[in-house]
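What follows is one structure encoded as structure tokens, with my remarks underneath.
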Amino acid sequence: MPEEGVGDDNAFTYDQAAVPVGSSVNIESEGENGRTTVTFNATGLAPNRDFGVHVHTRPCGPQPSDSGPHYQNNADPAATPEKPSSDPAYANPRNEIWLDVTTDAKGNAQSSTAVDWEFRNGEANSVVLHAQRTMTGPGQAGGG
Ligand SMILES: [Cu+2]
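For the sequence shown, our numbering assigns the number 4 to the initial residue and increments by one for each residue that follows.
This is how it looks when you write it as structure tokens:
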């Protein structure tokens, strides 16, 4: 991210029950004229369950925390590296990229989102699948 047509070449898996070997995830991002559309496609995940999915700022790594906080168009001034944004005024699907999905009986899922901004160069570096659907309340928004 945010290059277009990015595959899963650098994927790290932390839960092999939720994301079995052989599953695949594909993300595409298209930015144009101040708008960005991101689509998420997955096959072979655990069936019939929710996942939170977001664009994060740092590349994935061996530790789940390596991917850093969510990418925000308008950065929450109260957020710090230790305490990522959880203010619904900033941690919401218009200011971040949220692609939550529910898998079907075969573990397949698709979602897409469109926002009124484009990624700043080099600041959106990963897409993270979370074990839970994204929360939206004050103090927990964006968490999962
Ligand atoms: Cu996330």
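Beta carbons: idealized from backbone N, C-alpha and C, even for Gly.
| Query | Result |
| --- | --- |
| Buried or exposed: which applies to Val24, given that a residue is buried once 16 or more other Cβ atoms fall within 10 Å of its Cβ? | exposed |
| Taking Cβ to Cβ, would you say Leu132 is nearer than 8 Å to Val41? | no |
| For my contact list, Glu126 and Thr39 are in at a C-beta cut-off of 8 Å; report their separation, rounded to the angstrom. | Not quite, the Cβ-Cβ distance comes to about 13 Å (not below 8 Å), so this is no contact. |
| Take Asp119 and list the residues in its own chain whose beta-carbon comes closer than 7 Å to its own, dropping the five residues that flank it on each side. | Gly37, Arg38 |
| Is Val131 a contact residue of ligand 1, with contact defined as CB to any heavy atom under 7 Å? | yes |
| Between the C-alpha atoms of Glu31 and Asn44, what's the straight-line distance to the nearest angstrom? | 9 Å |
| Can you have a look at Lys86 and say buried or exposed, based on whether 16 or more other CB atoms are within 10 angstroms of its CB? | exposed |
| Where Gln66 and Glu99 are concerned, what is the direct C-alpha to C-alpha distance, given to the nearest angstrom? | 22 Å |
| Could you check the C-alpha separation between Cys63 and Asn111 for me, to the nearest Å? | 22 Å |
| Which word fits Gly10, buried or exposed, when buried means at least 16 other C-beta atoms lie within 10 angstroms of its C-beta? | For Gly10, the predicted structure reports a pLDDT of 44, less than 50, and the residue's modelled location is therefore unreliable. A value from the coordinates is still provided. Looking at its Cβ environment, which holds fewer than 16 other Cβ atoms inside 10 Å, Gly10 is exposed. |
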